[in-house]
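Everything on this sheet refers to the single structure shown next.
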Amino acid sequence: ITLKSGIEGMMKRMIPEVKEVVAEAE
Numbered sequence: 030i031t032l033k034s035g036i037e038g039m040m041k042r043m044i045p046e047v048k049e050v051v052a053e054a055e
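Rendered as structure tokens:
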């Protein structure tokens, strides 16, 4: 696993969580 693909994988997992937090904040 390269560093770039590792970061992309983390972002894909984090984005849905971020959207949920934003929805709860609103």
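Position one of the sequence shown corresponds to residue 30 (this note's numbering), numbered consecutively onward.
Ideal Cβ placement from N, Cα and C applies to all residues, glycine included.
On a predicted model such as this, the values are computed, not experimentally measured, just so you know.
Please report how far the alpha carbon of residue i lies from the alpha carbon of residue j, in whole angstroms.
i   : j   : result
S34 : K48 : 21 Å
K41 : T31 : 15 Å
E37 : V51 : 21 Å
E55 : E46 : 14 Å
M43 : E53 : 15 Å
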